[in-house]
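Here the sequence shown stands for residues -26 to -1, 1 to 514, numbered as in mature numbering (1 follows the signal peptide of the UniProt record, and there is no 0). For every residue, glycine included, the Cβ atom is placed at its ideal position computed from N, Cα and C.
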Amino acid sequence: MKPSDLLLLAFIALALGGFSPLMVKAEDPYRFFTWTVTYGKISPLGAPQQGILINGQFPGPTIDCVTNDNIVVNVVNQLDEPILITWNGVQQRKNSWQDGVLGTNCPILPNTNWTYKFQAKDQIGSYTYFLSTVLHRAAGGFGALNINQRSVISIPYPAPAGEFTLLAGDWYKASHKGLRRILDYGKNLPLPNGLLINGASSGVTFTGQQGKTYKFRVSNVGIVTSINFRIQGHTLSLIEVEGAHTQQELYESLDVHVGQSVTVLVTLNQAVKDYYVVISSRFTKPVLTATAILRYQGSNTPASLPLPAGPTYQVHWSMKQARTIRLNLTANAARPNPQGSYHYKLIPVARTIILANSPVQINGKLRYAVNGISYIDPETPLKLADYFNISSVFTLNSIKDSPSSGQPATLGTSVISTTLHDFVEIVFQNNEKYVQSWHLDGSSFYAVGYGPGQWNQDMRKRYNMDDAIVRHTVQVYPLSWSAILVSLDNKGMWNLRSAIWTRRYLGQQLYVRVWNDELSPYTENDIPPNALLCGKAKRS
């Protein structure tokens, strides 16, 4: 465009009361993907079995993008069951329409397709995606989603020479339908058959040069098992947890609970040879282990035993480590303002919600309840019922803010009603002898406290009110509690769930409706033109 043309447009814009075109920025980049979801033969534990593939891959393709990129994914379902994909930790600003869970979306039916469109708005970090329907996640259909910092925003560490993505977690030899049958019969699943790193129990190799530093993105994509991650002969410098830059503490090993992601720097400062990369199960008997190889370029020496030792059942060790993971208050994340510029300790808490999970028997079968309600998905997604004002699908505040004793658990559709911008304290009370993991869609939160026993108001004295880490998935240790503070500034209908998928499948979940009366694209996107309609929404 000629300078004279720009000047003419500027005068026209000013005459119309608008902005000069010199001030208009180009739209953020788009990244387009077409994913075909199929069954296929895989052998992650050595024997062939049926898995779920995306474009023929297990794990699925990695999405590498930059803050504020627009992501468009056309999903073609060639399975024999309906599916959805959820974007674990991607906040979907103003856009719960794209969340990919049955409370917000109608499923993609077999032999049909649907296109997700969302923006990696104001986020950086290591995330994952996976099939959110029934137990499909146990058969595959998961992958990494890495959001890199914009070039104009500095990173609080030297730029690494390269990066590696590790999708780690437990694995069963049984099919996802076989696992569902076990749960539907009212039984718990047995111990997983093994652990995997990037789809294999051994043989995956990461190669780097001696003297250089590399970024490792590690996500627990399993369905039930916490893991510990370590690299033989090397220390881990933690730099990011689920979108937040951390204080760069050094660790020999790190616990990563189901649904969580961490990012570390590793400097290759040892002799030129191969070293074991190890994950092992936490809080299980026996301990499961999987290995990969960190190979120094030019190595002719294979990795040697013994494997580096890691923790096994030590709960206190893990809780103590969790408290050392703290926010880097001076670092920028997706925006140029420091992470510590939001002084969460000065925000008054509008509401305290205490959620207690419990195994229950309903109609003679095992279920999991939260405050006495075991969640079931209605025929009509909650988001559609809310948008079209369809009655009898759900009732607001159908779950109490704290557990009550003496009342039998029931099946129900649990929805907590909140107001946009409420600042809420949520306490997860775990009364079982098993570690829990809770995930919130739509928002990150401050993980301010962990402690043994029963939570009470005096426990607030133990909260970290200065530099608690920001994350989207928090562990709750056996017979313990975890507390979070969250600013509900993302309007929509959001899933609050157990990240342990067997428990979610059996009812350990609910929804949080974040709402105000304003109908504006500044607070929430309108229903997408390609939205699938089902249940009562289809007949409305």
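Item to check | Best match in 269, 256, 302 for proximity to residue 290 [C-alpha to C-alpha] | outcome: Indexing the sequence shown from 1 puts residue 290 at position 316. Residue 256 is the option with its Cα nearest to residue 290.
Checklist entry - At what residues does the beta strand (DSSP E) containing residue 293 begin and finish? => result Here residue 293 refers to the residue found at position 319 of the sequence shown. No beta strand (DSSP E) holds residue 293; the alpha helix (DSSP H) holding it covers 289 to 298.
Checklist entry - When you compare each of 19, 28, 331, 130 to residue 483 by their alpha carbons, which one comes out closest? => result For the purposes of this step, residue 483 is identified with residue 509 of the sequence shown, where counting begins at 1. Answer by Cα proximity: 331.
Next on the checklist: By the DSSP assignment, the alpha helix (DSSP H) with residue 150 in it spans what residues?
Outcome noted: As a position in the sequence shown, residue 150 is number 176, starting the count at 1. 150 to 158 is the extent of the alpha helix (DSSP H) around residue 150.
Item to check | Cβ shell of residue 423 (< 6 angstroms), same chain only, five flanking positions each side left out | outcome: For the purposes of this step, residue 423 is identified with residue 449 of the sequence shown, where counting begins at 1. 436, 437, 457.
Next on the checklist: Give me, in chain order, the residues of the same chain whose beta-carbon lies closer than 6 angstroms to that of residue 204; leave out the 5 immediate sequence neighbours on both sides.
Outcome noted: On the sequence shown, residue 204 is found 230 positions in, with the first residue counted as 1. These residues qualify, in order along the chain: 227, 252, 282, 284.
Checklist entry - Among 38, 209, 76, 47, which one has its Cα closest to the Cα of residue 359? => result Taking the sequence shown and counting its residues from 1, the one referred to as residue 359 is at position 385. Checked all of 38, 209, 76, 47; the closest Cα to residue 359 is 76.
Next on the checklist: Between the stretch 118 to 136 and the stretch 6 to 17, can you find at least three pairs of beta-carbon atoms closer than 8 angstroms?
Outcome noted: no
Item to check | Delimiting residues of the alpha helix (DSSP H) encompassing residue 515 | outcome: The first residue shown for the chain is -26 and the last is 514, placing residue 515 beyond what the model contains.
Checklist entry - Near residue 496, which residues of its chain fall below 7 angstroms by C-beta distance, leaving aside the five closest residues on each side in sequence? => result Indexing the sequence shown from 1 puts residue 496 at position 522. Within the same chain, residue 496 has no close Cβ partners at all.
Checklist entry - Among 353, 461, 383, which residue has its Cα nearest to the Cα of residue 399? => result In the sequence shown, counting from the first residue as 1, residue 399 sits at position 425. Among 353, 461, 383, the Cα nearest to that of residue 399 belongs to 461.
Item to check | Option in 50, 328, 186 with minimal Cα separation from residue 208 | outcome: For the purposes of this step, residue 208 is taken as residue 234 along the sequence shown, with counting starting at 1. Considering only alpha carbons, the answer is 186.
Item to check | Under the three-state DSSP convention, the category residue 433 falls into | outcome: Reading the sequence shown from its first residue, position 459 is the one you call residue 433. Helix.
Item to check | For residue -20, three-class secondary structure by DSSP | outcome: Counting from 1 along the sequence shown, the entry for residue -20 is found at position 7. Reliability fails at residue -20, whose pLDDT of 38 lies under 50, so the model's placement of it is uncertain and the value that follows must be treated cautiously. Looking at residue -20 - three-state DSSP - the assignment turns out to be helix.
Checklist entry - Taking contact to mean at least 3 C-beta pairs separated by less than 8 angstroms, is the stretch 469 to 485 in contact with the stretch 408 to 420? => result yes
Checklist entry - Which residue or residues does DSSP assign as beta-bridge partners of residue 137? => result To locate residue 137, count along the sequence shown from 1; it is residue 163. Paired residues: 189.
Next on the checklist: Here's the rule: buried if 16 or more other CB atoms are within 10 angstroms of the residue's CB, otherwise exposed. What is residue 140?
Outcome noted: Here residue 140 refers to the residue found at position 166 of the sequence shown. Buried, since its Cβ has 16 or more Cβ neighbours within 10 Å.
Checklist entry - Which ranges does the alpha helix (DSSP H) cover as unbroken runs of at least 4 residues, wholly within the stretch 264 to 343, from first to last along the chain? => result 289 to 298
Next on the checklist: I'd like the list of long-range same chain contacts for residue 4, defined as Cβ closer than 7 angstroms, with 5 residues on each side in sequence excluded.
Outcome noted: Position 30 of the sequence shown, counted from the first residue, corresponds to residue 4. Answer for residue 4: 44, 46, listed in chain order.
Next on the checklist: Can you tell me which residues form a DSSP beta bridge with residue 91?
Outcome noted: The sequence position of residue 91 within the sequence shown is 117, counting from 1. Paired residue(s): 46.
Checklist entry - Going by beta carbon distance, what residues of the same chain come within less than 6 angstroms of residue -3, once the five residues before and after it are set aside? => result By 1-based counting over the sequence shown, the position of residue -3 is 24. Below a pLDDT of 50, predicted positions are generally treated as unreliable, and residue -3, at 38, falls in that range; the measurement from the model is reported next regardless. Correct list: empty, nothing qualifies.
Next on the checklist: Going by DSSP in three states, residue 361 sits in which element: helix, strand or coil?
Outcome noted: Taking the first residue of the sequence shown as position 1, residue 361 is located at position 387. Residue 361: helix per DSSP, three-state reduction.
Next on the checklist: Using the Cβ count rule (16 or more neighbours within 10 Å means buried), how would you classify residue -23?
Outcome noted: What you label residue -23 is simply residue 4 of the sequence shown in a count that begins at 1. With a pLDDT of 41 at residue -23, under the threshold of 50, the modelled position of that residue is not reliable, and no figure is offered here.
Checklist entry - Counting only runs that start and end within the stretch 458 to 500, where is the alpha helix (DSSP H) found for 4 or more residues in a row? => result 475 to 479
Checklist entry - Which first and last residues belong to the beta strand (DSSP E) in which residue 182 is found? => result What you label residue 182 is simply residue 208 of the sequence shown in a count that begins at 1. Start and end: 179 to 182.
Checklist entry - According to DSSP, is residue 509 helix, strand or coil? => result Stepping through the sequence shown from its first residue, residue 509 is reached at position 535. Helix, per DSSP.
Item to check | Of the residues 313, 386, 362, the one placed nearest residue 373, counting alpha carbons only | outcome: Translated into positions along the sequence shown, residue 373 becomes position 399. Nearest option by C-alpha distance: 386.
Item to check | Bounding residues of the beta strand (DSSP E) (the contiguous stretch that carries residue 446) | outcome: By 1-based counting over the sequence shown, the position of residue 446 is 472. Counting along the chain, residue 446 falls outside any beta strand (DSSP E), and DSSP gives it neither H nor E.
Item to check | Same chain, Cβ closer than 6 angstroms to residue 356, neighbours up to 5 away in sequence not counted | outcome: As a first step, residue 356 is located in the sequence shown; it is residue number 382 there, counting from the start. Closer than 6 angstroms at Cβ, skipping near neighbours: 77, 368, 467, 485.
Item to check | DSSP bridge partner residues for residue 120 (one or two, in chain order) | outcome: Within the sequence shown, the letter at position 146 stands for residue 120. DSSP lists 38, 100 as partners of residue 120.
Next on the checklist: At the level of alpha carbons, what is the spacing between residue 508 and residue 179?
Outcome noted: Here residue 508 refers to the residue found at position 534 when the sequence shown is read from its first residue. Here residue 179 refers to the residue found at position 205 when the sequence shown is read from its first residue. Taking the straight line from one Cα to the other gives about 45 angstroms.
Next on the checklist: Measuring straight from C-alpha to C-alpha, what distance separates residue 451 and residue 67?
Outcome noted: By 1-based counting over the sequence shown, the position of residue 451 is 477. By 1-based counting over the sequence shown, the position of residue 67 is 93. So the two alpha carbons sit approximately 30 angstroms from each other.
Item to check | Neighbour flag for residue 23 against chain C, beta carbons, 8 angstroms | outcome: Looking at the structure shown, chain C is missing, and only one protein chain is on hand.
Item to check | Option in 56, 142, 211 with minimal Cα separation from residue 106 | outcome: Translated into the one-based positions of the sequence shown, residue 106 becomes position 132. Looking at the Cα atoms, 56 is the closest of the given residues.
Item to check | Range covered by the beta strand (DSSP E) that runs through residue 411 | outcome: If you number the sequence shown from 1, residue 411 lands on position 437. 410 to 414 is the extent of the beta strand (DSSP E) around residue 411.
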